[in-house]
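A.B. asks: With the sequence shown counted from 1, adding 16 to any position gets you this note's numbering.
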Amino acid sequence: MFACKNCGGNIIYDIKSKSLVCNKCNSSYAPESVTKENDSVDYDYFETTVFTCPQCGAEIMCEDNEASSFCTYCASSTVLTSRISKEKKPDYIIPFEKTKEECIGEFKKITKKAIFAPSELKDPKVLDKFRAIYVPYWFYEVNQEGIFRVSGAEIHKTADFVTSYYFDVNGYIKGEFEGICRDASYSFSDDLGERIAPFFTEGKKKFYPSYLSGFYADISDVDSIVYEHEAEELANDVAREVVSNASCKGEYKNMKIYLSNDEATKQFNTAVSAKRALFPIWFMSFKNEKKVAYMTVNGQTGKAASDFPISKRKFFIGVLLLTLLFFPLALLTVYLFPKRTAFATLDLALMLSCASYIIYYVQMKILQIKDSGSEDAGRFYQKTKVVYIKNKDKNELLKQYIRQSIIDIVMGVFYVGMILWEVPFILNISSRGKLFSVGAMSGVFRIFLIVGNLILAVIGYIRAGKLKNSSNYYGALLGGILTISVLGIQLINAQSVILSLISSILLCAGAFLTIFDLVLYHNDLATRKPAHLKRRGGDAIAEDINNFNM
C-alpha cells in the first residue's frame, strides 16, 4: 500500500489522469515520485504482496487487500493466502490507458458477433468481474554490428536458358531493433496474446512499483530463451533485406542474399538481450461448468479477444427454430408430391450429412493442434524444456504439410472425383426436365457419398479419441451408426419412397449428433482448468492440487 504524504490515505493509479490519486483528499502524485523505503535501497527487486489461491495455486501480486477474496484465474470466491515477497523489478511498464467502462464496451462489441456465446457474458454483474492485470512480457532488443562477408545471387530465366550470377558481398553493418515483445506468463496463452496485439512500445515507461497501486500483476514464469530466436530471426530477415537492397546496383537489380538464420547470426554478429516489462490487460475468467474461459482486452488499445464457449441451450434453440421453419414445409411437399419430394429430400439430407462430416473432420484436426499445445511456445517449453522453433523453409514446410495431410488430400481427391463423375448425370436428367422426379443424384453416387462420409466420421472420431484435454463424446459415433443404417437401406431398396424419407430423417439426426459432438469438444478446449494447477514451487498449497494433463 502506498500512503498519501498529506493525509496518510491510500493512493492508487488513476487511468484517466495518469497519476496517483489519494482516495481521501484527492491529492495527486507522479508515479516516479512515490516509492517505498525498501524499494529505494534495492534497485533489482521490489517488495510486494503475493496472494496465492488455495483452489488452483495461482499467484498474483497486488498492493490491495481486496485481492484476498477472489481468484482471477479460477474464478473462485475464496480467501487467498498472502505473503510479503521480493520480486524481480521489471525494466519497463506500459500503463493502462483504457478504463474498465471502455474495456467492457469493447468486449460487448465482440460478444454481439458471438451469437452462440453464453448469455451470462452480457450480464453487467459478470462483466463487472473484469480485472486490470499487468501481464509480464519479455521486451527484446537486438544489436547487429561488424564486418560481414556473404554470397549473393541473381537468377535470370528465359524460354531457353536459366542464367545465374554469383557475387561476394562485403560490408559493415550496424543496426538496432527493439519492441519485439512476447508474453512471459505460462497461464496466458500465446494465441490470446497475439489476438489482442499489438502493444505500442512507444508508450512504455520506466518501471516504478507505484504504477501497480490499485492493480494486479501476474508473476513471470516463462524463460526469456523461449522467444529469443524469434527476435533474432526478425532482425536477421531485416538485415538480409537491407544488404540485398544496398548491393543491387547497375544491371544487377534483383540480387538476393541467401543465408540461413544461424549463418546470418554469425555474419551480422546478431546479439539478443531481453528486458522485463509489464503490459496492461483487462482480464476475466468465466466459469463454464467445471472449467474456465478467459476473456481479455488490451489495456492500451482496447482490442478484445476470447475463446467463447458455445451455449448448448442456444445451440438447441437454433436447431429447434430451423426444424420448426422447414418441417411443416417438408410435410406439405411430401403430401403434394410424395415421390419427387422423397428423393429430393434424401439428396438434401445427404448433402447436409456430407457438410457436417467434412466440418467435423477438419475441425478435429484443428482441435488436435490446439490440444497438443505445440503452437504455444511457452507451454511447449514448460513440458519439454525444448525451445519451439517454427520451420520457415518453404520446401520443408511443403513436404511436412504433405506428410501430415496425405489423408486429407486423398479424401479431397475422392470427393472431387465423385462430383466430376456425377455432373454429367445431373446435367442429363436436368435437360430432360426430370431433375426432381427421381432425385438429382444417381443411386451409385449416393452410396459412394455415404461411404465417404463414414470414412470421414471414423477418422474424425479417432482424432477425437487422441485429445488429451477433453472428455470422450459419442455423438459422431452414433451419427456414423445411423449413416451405416442409411447405407443398408440404399443397398436393399433405393427406390422406396418411405425408406427414402426414413433415410433422410436418419441422416439429419446423424448430422445433428455430429455437430453437437463438435460443440462439446470445442467447449472442452475453449475452456480449461487453470494453468497454475501444474505450477510447482512457491506456496506448498499448489503441491496438493490434483494433477491433470495439459
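Positions of the beta carbon are idealized from the N, C-alpha and C atoms, including for glycine. What you are looking at is a predicted structure, and each value in this text was computed from that prediction instead of being measured.
#1: Which residues does DSSP list as the beta-bridge partners of PRO296?
#2: Using a 10 Å radius around the Cβ and a threshold of 16 neighbouring Cβ atoms, would you call VAL378 buried or exposed?
#3: Please list the terminal residues of the continuous alpha helix (DSSP H) segment that includes THR217.
#4: Below 8 Å, can you find three or more Cβ-Cβ pairs linking the stretch 103 to 111 to the stretch 221 to 232?
#5: Give a yes or no on whether the C-beta atoms belonging to LEU498 and GLY459 are separated by under 8 Å.
#6: What residues in its chain sit with their C-beta under 6 Å from that of VAL259, if we drop five residues either side in the sequence?
#7: Just to confirm my understanding: we take PRO106, look at its own chain, exclude 5 residues before and 5 after, and list those with CB closer than 6 Å. What are they?
#8: Whose CA, out of CYS524, ASN42, PRO140 and ALA133, lies closest to the CA of PHE343?
#9: Return yes when the Cβ of ILE463 is within less than 8 Å of the Cβ of LEU503, no when it is not.
#10: For the stretch 161 to 180 against the stretch 193 to 208, are there 3 or more C-beta pairs whose distance is under 8 Å?
#11: Note down, one range per segment and in chain order, each alpha helix (DSSP H) of at least 4 residues found wholly within the stretch 456 to 511.
#12: Taking one C-beta from the stretch 181 to 188 and one from the stretch 130 to 139 each time, how about it: are there three or more such pairs within less than 8 Å?
#13: State the CB to CB distance for the pair ILE235 and GLU103, rounded to an integer number of angstroms; the pair is presumed to be in contact (CB under 8 Å).
#14: Taking ILE478 as the reference, give the member of VAL467, ILE466, GLY496 and GLY168 with the closest Cα.
#15: Please name the residue in ALA473, LEU383 and TYR431 whose C-alpha comes closest to that of LEU483.
#16: By a C-beta neighbour count over all protein chains shown, 10 Å radius and 16 as the cutoff for buried, is ASP323 buried or exposed?
#17: Nearest to GLY476 by alpha carbon, out of SER512, ALA393 and ILE375?
#18: Which of the three DSSP states is assigned to LYS104 in this structure?
#19: What does the alpha-carbon distance come out to for the pair GLU249 and ALA393?
#20: To the nearest angstrom, how far is it from the Cα of ARG256 to the Cα of PRO152?
#21: Using only the alpha-carbon positions, how far apart do PHE18 and ALA247 sit?
#22: Can you name the start and end residues of the beta strand (DSSP E) that ASN314 belongs to?
#23: Using the C-alpha atoms, what's the distance from PHE359 back to VAL513?
#24: If you follow the alpha helix (DSSP H) that VAL50 is part of, which residue opens it and which one closes it?
#25: Quick check on ASN469: buried or exposed, where buried means 16 or more other Cβ atoms within 10 Å of its Cβ?
#26: Express the C-alpha separation of PHE461 and SER453 in angstroms, rounding to a whole number.
#27: Determine the burial state of ILE31: buried for a count of at least 16 other Cβ atoms within 10 Å of its Cβ, exposed for fewer.
#28: Could you check whether PHE299 and ILE149 sit closer than 8 Å to each other, using their CB atoms as the reference points?
#29: Can you check which of these residues, ILE466, ALA309 and VAL288, is closest to TYR243 by C-alpha distance?
#30: Consult DSSP for CYS579 and reduce its assignment to one of helix, strand or coil.
#31: Does the CB of ILE189 have a neighbour CB from chain B at under 8 Å?
#32: What does the alpha-carbon distance come out to for the pair MET380 and SER44?
#33: Provide the residue span of the alpha helix (DSSP H) that contains PHE123, from first to last.
#34: Using CA atoms only, rank isn't needed, just tell me which of SER276, LEU465 and ASP424 is closest to LEU364.
#35: I need the straight-line Cα distance from ASP16 to GLU161, nearest angstrom please.
#36: Under a three-way DSSP split, which group does VAL426 fall into?
C.D. replies: According to the data block:
#1: Here residue 296 refers to the residue found at position 280 of the sequence shown. Per DSSP, TYR150.
#2: Along the sequence shown, one-based indexing puts residue 378 at 362. With fewer than 16 other Cβ atoms within 10 Å, it is exposed.
#3: If you number the sequence shown from 1, residue 217 lands on position 201. Careful: THR217 lies outside any alpha helix (DSSP H) and carries neither H nor E.
#4: yes
#5: Residue mapping note: residue 498 aligns to position 482 of the sequence shown, counting from 1. Residue mapping note: residue 459 aligns to position 443 of the sequence shown, counting from 1. In this structure, LEU498 sits away from GLY459, with a CB-CB distance that is not shorter than 8 Å.
#6: Residue numbering aside, residue 259 sits at position 243 when the sequence shown is read from its first letter. Within the same chain, VAL259 has close Cβ partners ILE273.
#7: As a working mapping, residue 106 is identified with position 90 in the sequence shown. Correct list, in chain order: PHE223, ARG292, ALA293 and LEU294.
#8: Counting from one through the sequence shown, the residue named residue 343 turns up at place 327. The candidate whose alpha carbon is nearest that of PHE343 is CYS524.
#9: On the sequence shown, residue 503 is found 487 positions in, with the first residue counted as 1. On the sequence shown, residue 463 is found 447 positions in, with the first residue counted as 1. Cβ atoms of LEU503 and ILE463: closer than 8 Å.
#10: no
#11: The stretch 456 to 511 is shown to contain whole alpha helix (DSSP H) runs of 4 or more residues at 459 to 481 and 491 to 508, in chain order.
#12: no
#13: What you label residue 235 is simply residue 219 of the sequence shown in a count that begins at 1. What you label residue 103 is simply residue 87 of the sequence shown in a count that begins at 1. The Cβ separation is near 7 Å, so the contact holds.
#14: One-based indexing of the sequence shown puts residue 478 at position 462. Answer by Cα proximity: GLY496.
#15: As a first step, residue 483 is located in the sequence shown; it is residue number 467 there, counting from the start. Per the Cα distances, LEU383.
#16: Position 307 of the sequence shown holds residue 323. Classification for ASP323: buried.
#17: As a working mapping, residue 476 is identified with position 460 in the sequence shown. If we check each option's Cα against that of GLY476, ILE375 comes out closest.
#18: By one-based count along the sequence shown, residue 104 stands at place 88. It is a strand residue.
#19: On the sequence shown, position 233 is the one that residue 249 refers to. On the sequence shown, position 377 is the one that residue 393 refers to. Rounded to the nearest angstrom, the two C-alpha atoms are 15 Å apart.
#20: Within the sequence shown, numbered from 1, the residue matching residue 256 stands at position 240. Within the sequence shown, numbered from 1, the residue matching residue 152 stands at position 136. Each residue's Cα considered, the two are about 31 Å apart.
#21: Within the sequence shown, numbered from 1, the residue matching residue 18 stands at position 2. Within the sequence shown, numbered from 1, the residue matching residue 247 stands at position 231. For the pair PHE18 and ALA247, the Cα-to-Cα distance works out to about 37 Å.
#22: Residue mapping note: residue 314 aligns to position 298 of the sequence shown, counting from 1. 307 to 314 is the extent of the beta strand (DSSP E) around ASN314.
#23: Here the question's residue 513 lines up with position 497 in the sequence shown. Here the question's residue 359 lines up with position 343 in the sequence shown. If I take the Cα positions, the gap works out to 7 Å.
#24: By 1-based counting over the sequence shown, the position of residue 50 is 34. No alpha helix (DSSP H) holds VAL50; DSSP gives it neither H nor E.
#25: Position 453 of the sequence shown holds residue 469. That one is buried.
#26: Numbered from 1 along the sequence shown, position 437 holds the residue referred to as residue 453. Numbered from 1 along the sequence shown, position 445 holds the residue referred to as residue 461. Confidence is the limiting factor: at SER453 the pLDDT is only 44, short of 50, which leaves the residue's position unreliable and the question unanswerable from this model.
#27: If you number the sequence shown from 1, residue 31 lands on position 15. With 16 or more Cβ atoms within 10 Å of its Cβ, ILE31 is classed as buried.
#28: As a working note, residue 149 is residue 133 in the sequence shown. As a working note, residue 299 is residue 283 in the sequence shown. For the pair ILE149 and PHE299, the CB atoms are nearer than the 8 Å cut-off.
#29: The residue given as residue 243 occupies position 227 in the sequence shown. Considering only alpha carbons, the answer is VAL288.
#30: Residue 579 is absent from the model: the chain starts at 17 and stops at 566.
#31: Within the model displayed, chain B is absent; a lone protein chain is all it includes.
#32: Translated into the one-based positions of the sequence shown, residue 380 becomes position 364. Translated into the one-based positions of the sequence shown, residue 44 becomes position 28. Their backbone Cα atoms lie some 55 Å apart in a straight line.
#33: Your numbering for residue 123 matches position 107 in the sequence shown. 116 to 129 is the span of the alpha helix (DSSP H), which, as asked, contains PHE123.
#34: In the sequence shown, the residue the question calls residue 364 occupies position 348. Nearest of SER276, LEU465 and ASP424 to LEU364, Cα basis: LEU465.
#35: The requested residue 16 does not occur in the structure, where the chain is confined to residues 17 to 566.
#36: By 1-based counting over the sequence shown, the position of residue 426 is 410. Note: VAL426 maps to helix in three-state DSSP.
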